[in-house]
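Chemist: For the sequence shown, the residue numbers in the working numbering are 514 to 954.
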Amino acid sequence: MLKIKKQKTEAVKRKRKKLTPIQAVKGMRDILPPEQFIWDYVLENSKKLCHNFGFGRIETPILEYTELFHRGVGQITDIVEKEMFSFETQGKDAVSLRPEGTAGIARAYVENGMSKWSQPVKLYYEGPMFRYENPQAGRYRQFHQFGFEIFGDECPAIDAQIIYLAWKIFQKIGIKNTIIQLNSIGCGECRPAYKKLLTDYYEMKIHKLCPDCKRRLSDNPLRLLDCKEEKCAQVSSGVPQIIDHLCEACHDHFKNVLEFLDELEISYVLNSSLVRGLDYYTKTVFEIWEVGKEGSQSSLGGGGRYDDLVGILGGETVPAVGFSFGVERAVERLLQGGLHLDQKIEREVFLVQLGNMARKKILSLFNNLIDARISVGESLGRGSIKSQLRMANRFNSKLALIIGQKEALDGTIIIRDMESGMQEVITMESVIAEVKKRLKG
Numbered sequence: 514m515l516k517i518k519k520q521k522t523e524a525v526k527r528k529r530k531k532l533t534p535i536q537a538v539k540g541m542r543d544i545l546p547p548e549q550f551i552w553d554y555v556l557e558n559s560k561k562l563c564h565n566f567g568f569g570r571i572e573t574p575i576l577e578y579t580e581l582f583h584r585g586v587g588q589i590t591d592i593v594e595k596e597m598f599s600f601e602t603q604g605k606d607a608v609s610l611r612p613e614g615t616a617g618i619a620r621a622y623v624e625n626g627m628s629k630w631s632q633p634v635k636l637y638y639e640g641p642m643f644r645y646e647n648p649q650a651g652r653y654r655q656f657h658q659f660g661f662e663i664f665g666d667e668c669p670a671i672d673a674q675i676i677y678l679a680w681k682i683f684q685k686i687g688i689k690n691t692i693i694q695l696n697s698i699g700c701g702e703c704r705p706a707y708k709k710l711l712t713d714y715y716e717m718k719i720h721k722l723c724p725d726c727k728r729r730l731s732d733n734p735l736r737l738l739d740c741k742e743e744k745c746a747q748v749s750s751g752v753p754q755i756i757d758h759l760c761e762a763c764h765d766h767f768k769n770v771l772e773f774l775d776e777l778e779i780s781y782v783l784n785s786s787l788v789r790g791l792d793y794y795t796k797t798v799f800e801i802w803e804v805g806k807e808g809s810q811s812s813l814g815g816g817g818r819y820d821d822l823v824g825i826l827g828g829e830t831v832p833a834v835g836f837s838f839g840v841e842r843a844v845e846r847l848l849q850g851g852l853h854l855d856q857k858i859e860r861e862v863f864l865v866q867l868g869n870m871a872r873k874k875i876l877s878l879f880n881n882l883i884d885a886r887i888s889v890g891e892s893l894g895r896g897s898i899k900s901q902l903r904m905a906n907r908f909n910s911k912l913a914l915i916i917g918q919k920e921a922l923d924g925t926i927i928i929r930d931m932e933s934g935m936q937e938v939i940t941m942e943s944v945i946a947e948v949k950k951r952l953k954g
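1. Closest by CA to residue 841, which one among 790, 684, 654 and 746?
2. Taking 9 Å as the CB-CB cut-off, is residue 660 touching chain B?
3. According to DSSP, simplified to helix, strand and coil, what is residue 806?
4. Less than 9 Å separating the beta-carbons of residue 836 and residue 799?
5. For residue 934, collect the residues of the same chain with a Cβ closer than 7 Å to its Cβ; drop the 5 residues on either side in sequence, then sort them by chain order.
6. Which residues bound the alpha helix (DSSP H) around residue 870?
7. Under DSSP, the beta strand (DSSP E) around residue 579 begins and ends at which residues?
8. What whole-angstrom Cβ distance do residue 864 and residue 889 have, given they're in contact under 8 Å?
9. Report the partner residues of residue 890 according to the DSSP bridge assignment.
10. Excluding the five sequence neighbours on either side, which residues of its own chain have a C-beta within less than 8 Å of the C-beta of residue 844, listed in chain order?
11. Write down every uninterrupted run of the beta strand (DSSP E) in the segment 770–830 whose length is 3 residues or greater and which is fully enclosed by it, in chain order.
12. Pop quiz: residue 581 and residue 542 are said to be a contact at Cβ under 8 Å. What is the actual Cβ separation, rounded to whole angstroms?
13. Going by Cα to Cα distance, which pick from 738, 900 and 756 is closest to residue 748?
14. Over the uninterrupted beta strand (DSSP E) stretch that includes residue 697, give me the two end residues.
15. Where residue 545 and residue 679 are concerned, what is the direct C-alpha to C-alpha distance, given to the nearest angstrom?
16. To the nearest angstrom, report how far apart residue 932 and residue 954 are at their CA atoms.
17. Please classify residue 941: does DSSP put it in a helix, a strand, or coil?
18. Taking only three categories from DSSP, how would you classify residue 898?
19. Between residue 656 and residue 597, is the Cβ-Cβ spacing less than 9 Å?
20. Quick check: what's the CA-CA separation for residue 768 versus residue 535?
21. Residue 755 to residue 764, Cα distance in whole Å?
22. Where residue 771 and residue 695 are concerned, what is the direct C-alpha to C-alpha distance, given to the nearest angstrom?
23. When the Cβ atoms of the segment 779–795 are set against those of the segment 698–709, are three or more pairs found closer than 8 Å?
24. Give the straight-line distance between the Cα atoms of residue 751 and residue 564, rounded to the nearest whole angstrom.
25. The alpha helix (DSSP H) that contains residue 724, what's its start and end?
26. Need the endpoints of the alpha helix (DSSP H) that residue 657 sits in, please.
27. Excluding five sequence neighbours on each side, which residues of the same chain lie with their C-beta closer than 6 Å to the C-beta of residue 920?
28. Span of the alpha helix (DSSP H) holding residue 672?
29. Taking residue 831 and residue 817 to be in contact with their CB atoms under 8 Å, please state how far apart those CB atoms are, rounded to whole angstroms.
30. Report yes if the CB atom of residue 637 is closer than 9 Å to the CB atom of residue 569, and no otherwise.
31. Between which two residues does the alpha helix (DSSP H) containing residue 850 stretch?
32. Measuring CB to CB, does residue 618 end up less than 9 Å from residue 573?
33. Can you tell which of 624, 610, 646 and 667 has its C-alpha closest to the C-alpha of residue 575?
34. If you draw a straight line from the C-alpha of residue 604 to the C-alpha of residue 578, how long is it?
35. Measuring only the C-alpha atoms, how far is residue 806 from residue 941?
36. Measuring CB atoms only, is the segment 871–890 touching the segment 907–916, in the sense that at least three cross pairs come out at less than 8 Å?
Structural data, given as structure tokens:
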């Protein structure tokens with residue numbers, strides 16, 4: 514009977530197939546502890562500068578009604594047409610994972626009555642966004658943005674302040690070789706006439722355009738300036754420049770923005786083809802580009818003014834301007850540039866134990882040290898005192914607290930100075946006070 518049972522067990526093992534490991538969804542990735550040091554460095558410096566500039570933090574939901582992005586971002590955009598993660602809830606609501614941050618911030622401004630607050634309202638945010646596009650270096654389907662917005666002030670100086678803060682963040686984190694790409698795309702007064710000029714121009718060369726540009730020509734000709742297809746870029750090189758067709762108000766606004774940037778001594782170049790990819794922008798648009806070692810350039814982030822967005826979302830007409838950058842891209846640039854941060858995880862005190870009774874004492878002591886705001890390391894699974902002390906050295910611990918069977922019975926503990934190797938036996942009741950004294954010394 515025993516032999517038959519054994520044969521059946523072995524047969525079951527042979528039939529059992531090895532399960533395929535489950536991987537992360539395409540375009541989404543894990544951010545592991547070594548890289549988190551760089552993330553923390555970027556976000557902490559960005560947050561600190563925003564606080565210094567008077568911005569308050571806001572968090573909005575990751576999930577929003579799809580209509581928000583249809584109305585705010587624009588239906589004839591790559592984001593809405595191709596890239597949104599949209600679905601219907603059990604209650605038949607059409608919702609989407611947010612593809613960008615500004616529309617949600619503007620919705621929150623309207624919904625929470627921020628127009629009644631003291632103006633301007635300065636807000637910053639950070640968090641995950643989602644776009645269904647082909648993953649590549651620095652670009653993922655789940656990515657993270659850091660951004661900031663100012664509502665309630667139409668002064669050109671606010672545009673310059675947003676640009677200055679964006680530039681300052683990259684300087685602060687160590688991406689210094691940057692330049693501002695700048696343009697004005699006009700407003701509802703002057704843009705229609707310019708769109709007519711664009712349409713007339715492109716219709717004469719329509720046979721040279723990609724299918725997307727042919728389709729968008731009648732609805733949103735400005736988007737053709739943003740097309741990355743090589744043949745479309747060649748056609749766009751000869752288009753009339755919008756800066757020559759601005760109304761007087763937009764012309765004066767842009768002129769003042771440039772003068773404020775000159776005063777701040779920030780380098781910039783005018784880029785007549787820069788329109789950004791979202792419909793809500795008006796007047797000033799800009800991107801921050803990194804100048805590469807070989808003279809190549811790549812965008813780190815962008816923004817601009819969007820004076821009509823709050824009104825489009827059902828609020829009063831409120832001027833606004835903002836900027837955002839991709840955290841992944843900034844982290845990637847810093848790593849490529851050789852940024853080195855001290856990635857050693859340090860613990861002031863390391864707990865060393867030998868035997869089950871000692872482990873019980875260690876658990877209690879661990880909680881007491883944490884309550885006393887002392888950083889603690891331990892390795893309950895290791896039996897060798899020598900191996901635990903090696904780990905204490907890797908954590909750069911100043912002190913090791915050692916409990917064996919004898920100490921557990923006596924209510925004592927050995928305190929060891931990890932630098933000198935000197936040891937002393939003290940009572941368990943006095944350990945917190947003694948540790949604090951030695952750490953302070």
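We put the CB at the ideal spot given by N, CA and C, even for glycine. In this text, all values refer to a predicted model and were calculated from it rather than measured experimentally.
Modeler: Reading from the atomic positions:
1. 654
2. The structure shown has no chain B; it contains just one protein chain.
3. For residue 806, the pLDDT reaches just 47, beneath the cut-off of 50, and the residue's location in the model is therefore unreliable, although a value from the coordinates is still provided. Three-state DSSP puts residue 806 in coil, outside helix and strand.
4. yes
5. Within its own chain, no residue has a Cβ closer than 7 Å to the Cβ of residue 934 once the five positions on either side in sequence are excluded.
6. Counted as a single uninterrupted DSSP element, the alpha helix (DSSP H) harbouring residue 870 occupies residues 869–884.
7. From DSSP, residue 579 is part of no beta strand (DSSP E) but of the alpha helix (DSSP H) over 579–585.
8. 6 Å
9. 863
10. 548, 551, 552 and 555
11. 781–783, 795–804 and 810–818
12. That pair is no contact at about 27 Å.
13. 738
14. From DSSP, the beta strand (DSSP E) with residue 697 extends over 691–697.
15. 27 Å
16. 14 Å
17. helix
18. helix
19. no
20. If you take the alpha carbons of residue 768 and residue 535, they lie about 55 Å apart.
21. 10 Å
22. 9 Å
23. By the criterion of at least three beta-carbon pairs nearer than 8 Å, the segment 779–795 is in contact with the segment 698–709.
24. Straight-line Cα distance between these residues: approximately 43 Å.
25. 724–729
26. Premise fails: residue 657 lies in the beta strand (DSSP E), 655–664, not in any alpha helix (DSSP H).
27. 926
28. 669–686
29. About 15 Å; that fails the 8 Å criterion.
30. yes
31. According to the DSSP assignment, residue 850 belongs to no alpha helix (DSSP H), since it is labelled neither H nor E.
32. yes
33. 610
34. Between residue 604 and residue 578, the C-alpha separation is close to 13 Å.
35. Bear in mind that a pLDDT of 47 at residue 806, under 50, signals an unreliable position, so the number given afterwards is only what the model happens to contain. C-alpha separation (whole angstroms): 60 Å.
36. yes
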